[in-house]
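In the working numbering, the protein residues as written are 276 to 452.
By construction, the Cβ of each residue, glycine as well, lies at the ideal position given by its N, Cα and C atoms.
Everything below concerns the one structure shown next.
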């Protein structure tokens, strides 16, 4: 059961993720959560660091897709600000449910082993991507402030982190990078 919450790779911040690392793993599509992964949830637009990271991925031949449980307006505003070629996003994704991931795999015409998912939450990002058997990358949250619903998830996340630590699978703050 804990395996469903365990990321394949654990990093401090998205900027630690290198295109070369993904290419070595055969990754062609990087699925990015937005809120508290790339920017704080209350920041509408990507900063220069996020834009540079996303462009670097695209230039390396890795397609970037955005998946978020947030509403369409918020996701569209962020994605439009990224200044990427042909951006694709899946708002109101209902992670960890698999519906948006299945739709994405079909629309992007990629196999599961060509997809990596980066996000900051065990309970939504890691669980959803692991259910779909995608390569999972957990990043520490950018900021500690969260939306009300996310605060609720973080309570359960702390319990899961405790169990992961106890089992020796993952220790909060001990990054792979």
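Thinking C-beta only, is residue j closer than 8 Å to residue i?
i, j, result
"residue 339", "residue 390", "no"
"residue 401", "residue 282", "yes"
"residue 439", "residue 280", "yes"
"residue 471", "residue 413", "Nothing in the structure corresponds to residue 471, since the chain is present only between 276 and 452."
"residue 367", "residue 354", "no"
"residue 342", "residue 386", "no"
"residue 432", "residue 397", "yes"
"residue 370", "residue 399", "yes"
Does any heavy atom of the ligand MG sit closer than 7 Å to the C-beta of residue i?
i, result
"residue 417", "The model on display carries no ligand, and the ligand MG is accordingly not part of it."
In whole angstroms, what is the alpha-carbon distance linking residue i and residue j?
i, j, result
"residue 379", "residue 330", "20 Å"
"residue 229", "residue 436", "Since the first residue shown for the chain is 276 and the last is 452, residue 229 is missing from the structure and cannot be characterised."
"residue 302", "residue 361", "19 Å"
"residue 237", "residue 407", "Only positions 276 to 452 of the chain appear in this structure, which leaves residue 237 out of reach."
"residue 293", "residue 333", "12 Å"
Buried or exposed for residue i, going by 16 or more other Cβ atoms inside 10 Å?
i, result
"residue 442", "exposed"
"residue 310", "buried"
"residue 394", "buried"
"residue 405", "buried"
"residue 357", "buried"
"residue 388", "exposed"
"residue 277", "exposed"
"residue 434", "exposed"
My assumption, with CB atoms under 8 Å, is that residue i sits in contact with residue j. Please give the rounded CB distance.
i, j, result
"residue 336", "residue 372", "Incorrect: roughly 30 Å between the Cβ atoms, too far for contact."
*Counting pairs of beta carbons, one from the stretch 319-335 and one from the stretch 438-451, are three or more of them closer than 8 Å?*
no
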